[in-house]
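**Student:** One structure is given below, represented as C-alpha cells, and several questions about it will come after.
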Amino acid sequence: MNIYVLLKRTFDTEDKIVVNDGVIEDDGVEYIINPYDEYAIEEAIQQRDKHGGEVTVVTVGDEDSEKQLRTALAMGADKAVLIEVEDDDIEDQDQYSTVKILEAFFEDKEVDLILAGNVAIDNASGQVGPRLAEKLGIPYVTTIVGLEIEDGVAHIEKDVEGDIEKIEVSLPLLVTCQQGLNEPRYPSLPGIMKAKKKPLEELELDDLDLDEEDVEGKTKRVDVFLPPEKQAGRILEGELQDQVKELVSLLRNEAKVL
Amino acid sequence: MNFELTEEQKMTQNMAREFANDVIRPRAMEIDKEGKFPEDIFKEMGKLGFLGIPFPEEYGGSGGDTISYALAVEEVGRACGSTGLSYAAAVSLGASPIYMFGTEEQKEKYLVPLAKGEALGAFGLTEPNAGSDAGGTETTAVLDGDEYVINGEKVFITNASYAKTLIVTAVTGKDDRGKNIISAIIVPTDAEGLTITEIHDKMGVRGSNTTQIVLDNVRVPKENLLGDPKAGFKQFLKTLDGGRISIGALSVGIAQDALDKALAYANERKQFGKTIRSFQAIQFMLADMAMEVELARNMVLKAAWLKDQGKPFTKEAAMAKLFASETAVRNAERAVQIHGGYGYMREYGVERLMRDAKLLVIGEGTSEIQRIVISRNLD
C-alpha cells in the first residue's frame, strides 16, 4: 500500500501563547508534531506493517519542520517530503493554500491511503484533510477511532460526538484521526539513529509548477487576540435558600445574564 | 567549538524526557516508598533501545554515542533516581566492559541480550574489604583444568538479582613483583555455588537493586575470562571512568529536578503577601542552583564528548562525577530548604532527592577518591 501522512508542526501544548501587536510570538517556543497527526503516523505504520507498502510523511512548512519529519521517520515512517514554504512567501496563507499545494503534490502520486490529524491544535480548522480529498476526488472519513482494511475495503469506526458510527468505504481513501484510534509509539533509539539515513525530499513551489499567486489565501486575518483572563470563582456560603437568592441577584446585577 | 547537540542527540533527549515524564515520573514516589525495582519499566526501556544506546547495532545496540547516552541517563534520573541508577549501572558497568574488552564470541553471547534490554548486567568489584582500593581484592579464581574456581564475597552490587550474568573481579595469580594479578570473569547468575541476596533498607535510591554476592567454589569455563588476563585492573579502571560519566549525568538529572521543584514552589508559595520567589534569599539560592546544574551538565557532556572522540577523559570524568554529585547534594538540600516544612514531608518529593543524591557522592568512587584521581592526573 502507498500510505501518506499529512503532518503539521505546531506549538508545544505546554507553551504559553504570547500575542504582541496582533502577532503570536514564537521566540523560545518549542515545536512538536501536531498531536492528532501522531495518531495518523502510528496508524500508517501499523497498516504498513500489516499490509506491506510504504509510509511517506508530507508537510507544508518552513525548513525547521525537518525536525518533526525526522521524528516521524524515527517512529518508523519510510520517507518524508518537506514542501518548503517560508512564512512571508504567500499572502494570507490559509487552508486553501495548503490544500492547493498538496493537490499539486499528489497529482502524479499513486495513493491508497492518506491519513491526517483530526485538527491541528494551533488553528484547529480541520479543513485540510477533507478539502484535499475533495480535490483529489477520493472519499474521506473524519475523526476515525478504528480502521481495518480488507481486500481494498476499509472498515471504519468514526467518532460521532462520543458515539460510534461504522462505515465501509473502498480505497483510495483519506481519513482524519481522532484521539482513541491508537497509542502513538515513542521513536525507538535505533530508530532515532537511523532516521537521518532515510530519504527526506525537499520541494519548493516551483517544483510543483505553482506560483505564489496560485496559492494566495482566500481568507484574511483581521485580528489576533487572547481570550479575556478567567476571573477567580466564588463560593457562596450560608443557608441554601440565601445562596440561591444571592446567586440570582449576582447573575442579574453583576453578570447581567438574566 | 560547538555547543550544539546533533539532531540525533536532541531527538534522544526529547524522547527520553517524554518517556521519563509519562512512564517513570508518575511511579517515582511509589518506587521509593516500596523499595521495589521497577522491572516492567526496564522491559519497556529495553524495547525502546535505552539499554543499548552506546553500542553498535551489530551487537543489538542503538548505535548512539556517549553524549546521547548521558542525555538519556540525565532524563531518566531527573524523573527517578532509583531507575536512573539501575539504568546507568546496567549500561556502564554491566554491558560496557564486555563491549570494550570482550572477544567476538563473548559479545555475541553476553552483550547482545544486554544491549537489547532482554537482561540486565551487573559488575561485581566491591568487596567487604575492598572497593576503590581494588588492589585489596580478596576473591580468588583458581584455574582447575578448563575451569576457574571462584571463591569470595562481593557487596553493594547493583542489579545482580535481575541479572543473567555478572562480571566479577578476582585475584588470578601474582606478577613478577609479587603483586596480585586481578582479572575480570563473566559468571552466569545461575551457576552452582553462587548466592545473591538483596540488601534492603537503604537511605536512598531505594528502588534500585543492591545485593550481596557469595561465591562458593563457583566453576566457570576459562573462556569466560574477560579481556586481557593480566590487565584486569586497568580494565576496570577504564570501566569506572565511563561509569563516572553516567553517575555525573544522573547527578545532573537529580540536581535539575531539585531546581525545577524549588522554582515551581517558590513561584507558588506566598508569605508576607508575596510569592517567596520575590525574596532575595530565595532568588540567590535559585540562582546558585541553576548555575551549578548548568556547569555540572557542561562538564558531564565534555567528558562524554572526549570519550566519543577517543581522547583521554579520566580526569574530566572524575571532575564531572565529583562536581555533579556534589551539586546534586547541594541542590537537593536547597530544594528542601526552600520548601520549608513541606519539603521535609515525603509528599513533596524533595526529601527523596536529598536521600538519593547522597548515594552519588559515595557510589562508584567517593568524592575523596575522585579528588585523588583528579590530582593524580595533574601534570
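In the order they appear, the protein sequences are chains A and B.
Residues in the first sequence are numbered consecutively from 1, following the numbering used here.
Residues in the second sequence are numbered consecutively from 1001, following the numbering used here.
We treat Cβ as the ideally placed atom computed from N, Cα and C, and that holds for glycine.
How would you list, in chain order, the residues of chain B whose beta-carbon sits under 8 Å from the beta-carbon of K196/A?
**Tutor:** Within chain B, the residues near K196/A are E1007 and E1008.
**Student:** Kindly list, in the order they appear in chain A, the residues whose Cβ is closer than 7 Å to that of E1018/B.
**Tutor:** Those are Y186, listed as they occur along chain A.
**Student:** Which of the three DSSP states, helix, strand or coil, is assigned to Q179/A?
**Tutor:** Q179/A falls in the coil class under three-state DSSP.
**Student:** Do we get a CB-CB distance below 7 Å when we pair G1049/B with the residues of chain A?
**Tutor:** Cβ-Cβ to chain A under 7 Å: yes for G1049/B.
**Student:** Who does G146/A pair with in a DSSP beta bridge?
**Tutor:** In the DSSP output, where bridge partners are listed per residue, G146/A has E157/A.
**Student:** Excluding sequence positions up to five away, which residues of its chain have a Cβ less than 6 Å from the Cβ of L205/A?
**Tutor:** Excluding sequence neighbours, L205/A sits near nothing in its chain.
**Student:** By the 10 Å Cβ neighbour count, where 16 or more other Cβ atoms means buried, how is N1217/B classified, buried or exposed?
**Tutor:** By the neighbour-count rule (16 or more Cβ atoms within 10 Å), N1217/B is not buried but exposed.
**Student:** For K100/A, I'd like the list of residues in its chain whose CB is within less than 6 Å of its CB, leaving aside the five on either flank, ordered along the chain.
**Tutor:** Around K100/A: V215.
**Student:** Taking R131/A as part of the alpha helix (DSSP H), name the residues at either end of that continuous run.
**Tutor:** Here the alpha helix (DSSP H) through R131/A covers V128 to L136.
**Student:** With 7 Å set as the bound, which would you pick, yes or no: does the beta-carbon of S1246/B sit closer than that to a beta-carbon of chain A?
**Tutor:** It does not: the Cβ of S1246/B has no partner Cβ on chain A nearer than 7 Å.
**Student:** Tell me which residues share the same chain as R131/A and place their Cβ nearer than 7 Å to its Cβ, disregarding the 5 neighbours each side in the sequence.
**Tutor:** Here the set comprises Q95 and V99.
**Student:** R70/A touches chain B at which residues, Cβ-Cβ below 8 Å?
**Tutor:** Near R70/A (Cβ distances below 8 Å), the residues of chain B are E1007 and M1011.
**Student:** Need the endpoints of the alpha helix (DSSP H) that R9/A sits in, please.
**Tutor:** Unbroken run through R9/A is the beta strand (DSSP E), R9 to F11; no alpha helix (DSSP H).
**Student:** Between I83/A and chain B, is any beta-carbon pair separated by less than 7 Å?
**Tutor:** No, its Cβ sits nowhere closer than 7 Å to a Cβ of chain B.
**Student:** Is it a yes or a no for the stretch 1323 to 1334 of chain B touching the stretch 1357 to 1377 of chain B, going by three-plus beta-carbon pairs under 8 Å?
**Tutor:** Verdict: yes, contact present.
**Student:** Report yes or no: do three or more beta-carbon pairs, one from the stretch 1128 to 1137 of chain B and one from the stretch 1056 to 1071 of chain B, lie closer than 8 Å?
**Tutor:** Flag = no, the stretch 1128 to 1137 of chain B and the stretch 1056 to 1071 of chain B do not touch.
**Student:** Would you mind working out which of A1115/B, E1292/B, A1090/B and E1192/B sits nearest I1167/B, comparing C-alpha positions?
**Tutor:** The shortest C-alpha separation from I1167/B is found at A1090/B.
**Student:** Relative to the C-alpha of F1233/B, which candidate in A1184/B, L1114/B and I1067/B has its C-alpha closest?
**Tutor:** Looking at the Cα atoms, A1184/B is the closest of the given residues.
**Student:** In the DSSP assignment, the beta strand (DSSP E) including A1381/B goes from what residue to what residue?
**Tutor:** Examination of residue 1381/B is not possible in this model, given that chain B is present from 1001 through 1379 alone.
**Student:** Is the beta carbon of A44/A less than 7 Å from the beta carbon of L115/A?
**Tutor:** Yes; because the gap between Cβ atoms is below 7 Å, this pair is in contact.
**Student:** Quick check on DSSP: helix, strand or coil for I1362/B?
**Tutor:** Reduced to three states, the DSSP call for I1362/B is coil.
**Student:** For the stretch 1013 to 1066 of chain B, which segments carrying the alpha helix (DSSP H) assignment without a break, of at least 4 residues, lie completely within its bounds, in sequence order?
**Tutor:** Taking only runs of at least 4 residues, the alpha helix (DSSP H) segments lying wholly in the stretch 1013 to 1066 of chain B are 1028 to 1034 and 1039 to 1048.
**Student:** Per DSSP, which one or two residues make a beta bridge with R1219/B?
**Tutor:** DSSP lists V1149/B as partners of R1219/B.
**Student:** Does DSSP put L1226/B in a helix, a strand or coil?
**Tutor:** Reduced to three states, the DSSP call for L1226/B is strand.
**Student:** Using beta carbons (cut-off 7 Å, strictly below), is I192/A in contact with chain B?
**Tutor:** With 7 Å as the cut-off, I192/A counts as an interface residue toward chain B.
**Student:** Hey, does I1053/B have any beta-carbon neighbour from chain A nearer than 7 Å?
**Tutor:** It does; some Cβ of chain A falls within 7 Å.
**Student:** Could I get the ranges of all uninterrupted beta strand (DSSP E) runs contained in the stretch 23 to 52 of chain A, with 3 residues as the minimum, in chain order?
**Tutor:** Qualifying beta strand (DSSP E) stretches, in chain order: 31 to 33.
**Student:** What's the C-alpha gap between V160/A and Q241/A?
**Tutor:** Roughly 41 Å between the two C-alpha positions.
**Student:** Just grab the DSSP bridge partners of N20/A for me.
**Tutor:** BP columns for N20/A point to V23/A.
**Student:** Whose Cβ in chain A lies nearer than 9 Å to the Cβ of G1081/B?
**Tutor:** Correct list: empty, because the minimum Cβ distance to chain A is about 22 Å.
**Student:** With a threshold of 7 Å between beta carbons, is M1354/B in contact with chain A?
**Tutor:** Chain A contact via Cβ: absent.
**Student:** Do V5/A and A40/A have their C-beta atoms closer together than 7 Å?
**Tutor:** Cβ atoms of V5/A and A40/A: closer than 7 Å.
**Student:** Please name the residue in I156/A, I32/A, G117/A and G152/A whose C-alpha comes closest to that of G146/A.
**Tutor:** For G146/A, the nearest C-alpha among the options comes from I156/A.
**Student:** Roughly how many angstroms separate the alpha carbons of K1109/B and G126/A, rounded to a whole number?
**Tutor:** Cα to Cα, K1109/B sits roughly 52 Å from G126/A.
**Student:** For V224/A, which residues from the same chain have a beta carbon less than 8 Å from its beta carbon, with the 5 sequence-adjacent residues on both sides left out?
**Tutor:** Correct list, in chain order: V19, G22, V23 and I24.
**Student:** Quick check on L226/A - is its C-beta less than 7 Å from some C-beta in chain B?
**Tutor:** Output row for L226/A: interface = no.
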